[in-house]
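For reference, the structure is listed below as structure tokens.
Number of protein chains: 4
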Amino acid sequence: MTLAPLNDEQLHQIRDERKDQIIAAALNVFARRGIIGTKMSMIAAEAGISHGLLYHYFKSKEELFNTLVQGAMIESQAAMRSLYDLPGSAIDKIRALTEEILDDRGAPYFMLIHQARTSDGVPEKARQLVEQYSMKTFVDHLLPLFTEGQQAGEIAPGNLEHLIASYLSVLSGLMVLNTQEDSAYRKPEIDVLLRMVTGR
Amino acid sequence: MTLAPLNDEQLHQIRDERKDQIIAAALNVFARRGIIGTKMSMIAAEAGISHGLLYHYFKSKEELFNTLVQGAMIESQAAMRSLYDLPGSAIDKIRALTEEILDDRGAPYFMLIHQARTSDGVPEKARQLVEQYSMKTFVDHLLPLFTEGQQAGEIAPGNLEHLIASYLSVLSGLMVLNTQEDSAYRKPEIDVLLRMVTGR
Amino acid sequence: MTLAPLNDEQLHQIRDERKDQIIAAALNVFARRGIIGTKMSMIAAEAGISHGLLYHYFKSKEELFNTLVQGAMIESQAAMRSLYDLPGSAIDKIRALTEEILDDRGAPYFMLIHQARTSDGVPEKARQLVEQYSMKTFVDHLLPLFTEGQQAGEIAPGNLEHLIASYLSVLSGLMVLNTQEDSAYRKPEIDVLLRMVTGR
Amino acid sequence: MTLAPLNDEQLHQIRDERKDQIIAAALNVFARRGIIGTKMSMIAAEAGISHGLLYHYFKSKEELFNTLVQGAMIESQAAMRSLYDLPGSAIDKIRALTEEILDDRGAPYFMLIHQARTSDGVPEKARQLVEQYSMKTFVDHLLPLFTEGQQAGEIAPGNLEHLIASYLSVLSGLMVLNTQEDSAYRKPEIDVLLRMVTGR
DNA sequence: AATGAATGAGAATTCATTCAT
DNA sequence: CATGAATGAATTCTCATTCAT
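Below, the structure is given as structure tokens:
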């Protein structure tokens, strides 16, 4: 009786599953402990595999980190684009955006990008990736929406680019704080945050 | 030929100066690079001494970190107490507090405390220190001030403990983001931040 | 649906072909990169099979290396024996031997034996194999031929055992140098080399 | 009582001694086992120090290897230059050169250069270094000497560049073989080797 | 027979800490 | 008090080998 080797599709599926499993594990660990504080053995343990296998799927810690950052950037772009399809007034959309950003499920991505921006030992490629999608990109993206809201009287008067950058910074700061589950910090109510924008 | 040995007081003074020098250096480096990312040799270099000498003054990296955290906690307590001596209405004092917190000179202390709260590799003792002075301590401390402001109509209605914790979290988040000098983030105008509190 | 299983003879033939294929690949790679520098995956790639399959045919890297060395020893014995069937005078035969040794096709075998003699990480068994067929074996084998040549006045006077060992060492050295294709070294003309033997 | 730290000169001396000690140890081990076969721990053991200290003096295995190759190249240049100061005829000088090259003390250097030329895992810089001093350099250097000898009838007629390259290759091959102390190979008598050159 | 996923021992390198001077 | 040489534990990564399919 001959046992055929796994066919291409099966192998491909195993590979994909393992890769996803590793990526999920790595995202958690990197987000929590930073790139230096993360040991490959921690990721392997979290993923439930041997550290040797990690290197079967990712050439190095750097490559793994880069892959994660790339994924995070794509996610955040998608979130930004989805704004347009929402119903309601400008301020409704901004509220939805705020909720989306503060959603805990996105927190690891946030931390990852934050670390790629600010930590030591970040691979050059990851650094370039996050620079591409700088704060300015987001501000430009949101400017039409905020302008519309300001004209409708929903948003406080004043320089909108500054306001948007400030608001996003506040949200980012909160996400960075909230990564730790037993955080001493408190995530504000959406309405309280929106006062910064509306002035009311 | 050896000069007459220094007397006790002189030695003591040298010791204290050296210690301060090391503490200042360590604060900078730890704040910027975190406890894991900071190598003893970096601190020695920043302080302009040999790494061997570091160990004459601090038994270990841990002890040095603990000392810094202790100092940071004392500083932040002092800042909090100084609030009472300020002139003006409640909102004036809150504005002053905000300015104080966001002042760049305090940023390293903020980062340090943040790291002591959230990073790996933090000595147990440091972790206990920051827990002692939890968010709750600060909230309790500020509650009378905010209550006064709310009664005067300067502060939005609603649960004040939540509001204070939220506001402090926002400020903390901003400080954490702003440690990196070339930060992509933007520090908001004080007035914009205060809208969260005043509701106007 | 599975085809009828191959009969024993067919299986045997496949086995032998595969083995030869692997041996040829391994010889090339080991000769070029040495036993430590050769990775099993390189041999698999050169043979066009998976690295897993390698272990169906050879229990380990060691066993594979031993097999190669054994083959090389047999080859070199055969070359030595074929000397006797050659036509011509003693010096003609020595010239033919020289050509045979310096032939590039034999170079991988030479390197292999050289490595078995001199490298680290060589299995004990391979080491014993090459010791069996030591320089002395070859010298003894060639002594009658050289003696005949010396008596005929074709070969310089002096101790023949030393001369033979020296000459073989020179040839060996040249083969070892010339393994690398883009070698900076130059393979001498046969006639120039023969001067060492003839003294003319 | 104050113990002054070591002064600069003492430190410098310790450093130099240690470096020499490491270089001598590394030369031996690299020559015998090649760059891949050499473990840093072996060098440390041979030098009688911890592996950590190795990295105090040389940033990496690569750097250490490069340093050795550089030294070997310098040595070989010096040997070549010293030829001119020798007394006697051309053939006397060639004999002296041969003795110099075959001297066992130079063997490790020879192996090192050979390995830098032919092994895997050789740092790019080392490879460039040895390419600079190619066979051609040596041939050009020796050409005047051999021409003089040929005109004096001490050297066989024929293309001298080929002869020189061939002769050097033979010597190199012998050195490469003879690195292993218990070598099965035999180093020929100088006079026998010189027959290749003189034709007599 | 054939494949490649999976494991783990081993090697290079870093860095906190100790210690002779 | 001050220096930097010295050590070794911990970490990243490689590769021979095993094994399910």
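For the protein sequence lines, the chains are A, B, C and D, in the order given.
Residue numbers for the first sequence follow this note's numbering, beginning at 454 and rising by one.
Residue numbers for the second sequence follow this note's numbering, beginning at 454 and rising by one.
Residue numbers for the third sequence follow this note's numbering, beginning at 454 and rising by one.
Residue numbers for the fourth sequence follow this note's numbering, beginning at 454 and rising by one.
Note that CB positions come from ideal geometry on N, CA and C, so glycine has one too.
Worksheet entry | Proximal residues, the segment 586-598 of chain A versus chain B, C-beta separation under 7 Å | Interface annotation for the segment 586-598 of chain A against chain B: Ser587 and Met588, criterion Cβ-Cβ distance under 7 Å.
Worksheet item: With 16 other CB atoms within 10 Å as the buried threshold, where does serine 619 (chain D) fall?
Response: Around the beta carbon of serine 619 (chain D), 16 or more other beta carbons sit within 10 angstroms, so the residue counts as buried.
Practice prompt. Could you give the DSSP three-state label for glutamate 499 (chain B): helix, strand or coil?
Written response: Helix, per DSSP.
Worksheet item: Is the CB of arginine 534 (chain C) under 8 Å away from at least one CB in chain D?
Response: Not an interface residue.
Fill in: Endpoints, alpha helix (DSSP H) assigned at tyrosine 508 (chain A)
Residue range 504-510 is occupied by the alpha helix (DSSP H) that includes tyrosine 508 (chain A).
Practice prompt. Classify isoleucine 554 (chain A) as buried or exposed, calling it buried when 16 or more other Cβ atoms lie within 10 Å of its own Cβ.
Written response: That one is buried.
Fill in: Alpha-carbon to alpha-carbon, lysine 578 (chain D) and threonine 551 (chain C)
Inter-residue distance for threonine 551 (chain C) and lysine 578 (chain D) is about 37 Å (C-alpha atoms, whole angstroms).
Worksheet item: Does the Cβ-Cβ distance between alanine 609 (chain B) and glycine 652 (chain B) come in under 8 Å?
Response: It is a contact, given that the beta carbons lie within the stated cut-off.
Discussion item. For valine 623 (chain C) and valine 623 (chain D), which I take to be in contact (beta-carbon distance under 8 Å), what is that distance rounded to the nearest angstrom?
Written reply: Contact holds; Cβ gap of about 5 Å.
Worksheet item: Start and end of the alpha helix (DSSP H) containing aspartate 461 (chain A)?
Response: Aspartate 461 (chain A): member of the alpha helix (DSSP H) spanning 461-490, first to last residue.
Discussion item. I'd like to know if isoleucine 489 (chain B) contacts chain A, where contact means its C-beta is closer than 8 Å to some C-beta of that chain.
Written reply: Yes, because at least one Cβ of chain A sits closer than 8 Å to the Cβ of isoleucine 489 (chain B).
Discussion item. Going by C-alpha to C-alpha distance, which of A:Asn631, A:Asn612 and A:Glu642 sits closest to histidine 615 (chain B)?
Written reply: Closest by alpha carbon: A:Glu642.
Worksheet item: Span of the alpha helix (DSSP H) holding proline 561 (chain A)?
Response: The continuous alpha helix (DSSP H) containing proline 561 (chain A) extends over residues 560-571.
Discussion item. I'd like to know whether the C-beta of serine 625 (chain B) is nearer than 8 Å to at least one C-beta of chain A.
Written reply: Yes, contact with chain A.
Fill in: C-alpha gap between threonine 429 (chain B) and isoleucine 496 (chain C), whole angstroms
Residue numbering for chain B in the displayed model covers 454 to 653; residue 429 (chain B) lies beyond these limits and cannot be assessed.
Discussion item. Let me make sure I understand the geometry here. Which of A:Phe483, A:Asp473 and A:Met533 has the alpha-carbon closest to that of valine 592 (chain A)?
Written reply: Comparing Cα-Cα distances from valine 592 (chain A) to each of A:Phe483, A:Asp473 and A:Met533, the minimum goes to A:Met533.
Worksheet item: If you compare alpha carbons, which of A:Leu647, A:Gln466, A:Ala637 and A:Lys640 is closest to isoleucine 617 (chain A)?
Response: Measuring from the Cα of isoleucine 617 (chain A), the nearest candidate turns out to be A:Leu647.
Worksheet item: Pairing CB atoms from the segment 584-602 of chain A with CB atoms from the segment 500-520 of chain A, are three or more of them under 8 Å?
Response: A contact is defined here as three or more CB-CB pairs under 8 Å, and the segment 584-602 of chain A fails this definition with respect to the segment 500-520 of chain A.
Item to complete: Go to aspartate 646 (chain D), then tell me how far its alpha helix (DSSP H) extends in each direction, as first and last residue.
Response: Residue identity check: residue 646 (chain D) is leucine in the sequence provided, not aspartate. Per DSSP, leucine 646 (chain D) belongs to the alpha helix (DSSP H) from 643-651.
Worksheet entry | C-alpha gap between lysine 472 (chain C) and alanine 500 (chain C), whole angstroms | Roughly 10 Å separates the two Cα atoms.
Item to complete: Determine whether the Cβ of proline 641 (chain C) lies closer than 8 Å to any Cβ atom of chain D.
Response: For proline 641 (chain C), the answer is yes, since a Cβ of chain D falls inside 8 Å of its Cβ.
Worksheet item: For a contact meaning CB atoms closer than 8 Å, what does methionine 649 (chain A) contact in chain B?
Response: Correct list: Pro641, Val645, Leu646, Arg648 and Met649.
Worksheet item: Taking Cβ positions only, does leucine 630 (chain D) come closer than 8 Å to chain C?
Response: At least one CB atom of chain C sits nearer than 8 Å to the CB of leucine 630 (chain D).
Worksheet entry | Three-pair Cβ contact test at 8 Å for the segment 481-491 of chain C versus the segment 474-494 of chain B | Touching, no.
Worksheet item: Going along chain B, which residues have a C-beta under 8 Å from tyrosine 562 (chain A)?
Response: Taking a Cβ-Cβ threshold of 8 Å, none of the residues of chain B is close to tyrosine 562 (chain A); the smallest such distance is about 16 Å.
Discussion item. DSSP three-state label for proline 597 (chain A), please.
Written reply: The three-state reading of DSSP puts proline 597 (chain A) in helix, counting H, G and I together.
Practice prompt. Could you work out which residues of chain A lie near arginine 653 (chain B), taking near to mean beta carbons separated by less than 9 Å?
Written response: Correct list: Arg648, Gly652 and Arg653.
Item to complete: Determine the extent of the alpha helix (DSSP H) in which glutamine 627 (chain D) is found, giving its start and end residues.
Response: Before going on, a small fix: residue 627 (chain D) reads as leucine here, not glutamine. 613-630 is the extent of the alpha helix (DSSP H) around leucine 627 (chain D).
Worksheet item: Who are the Cβ neighbours of glutamate 601 (chain B) in its own chain at under 8 Å, not counting the five residues just before and after it?
Response: The answer, listed in chain order, is Ala543.
Item to complete: Check leucine 539 (chain C) in the structure and name its three-state DSSP category.
Response: Leucine 539 (chain C) carries a coil assignment under DSSP once its states are collapsed to helix, strand and coil.
Worksheet item: When you compare each of C:Gln530, C:Ile547 and C:Leu582 to glycine 559 (chain C) by their alpha carbons, which one comes out closest?
Response: Closest by C-alpha distance to glycine 559 (chain C), out of C:Gln530, C:Ile547 and C:Leu582, is C:Gln530.
Worksheet item: With burial defined as no fewer than 16 other Cβ atoms inside 10 Å of the residue's Cβ, what is the status of glutamate 657 (chain D): buried or exposed?
Response: As shown, chain D starts at 454 and ends at 653. That puts residue 657 (chain D) outside it, with no answer to give.
Worksheet item: Which two residues bound the contiguous alpha helix (DSSP H) that contains lysine 578 (chain C)?
Response: DSSP places lysine 578 (chain C) in the uninterrupted alpha helix (DSSP H) bounded by 577-585.
Discussion item. Assuming contact is defined by CB atoms lying nearer than 8 Å, are serine 625 (chain C) and histidine 567 (chain C) in contact in what I supplied?
Written reply: Yes, Cβ-Cβ distance for serine 625 (chain C) and histidine 567 (chain C) is below 8 Å.
Worksheet item: If you run the structure through DSSP and keep just helix, strand and coil, what is arginine 639 (chain A)?
Response: Three-state result, arginine 639 (chain A): coil.
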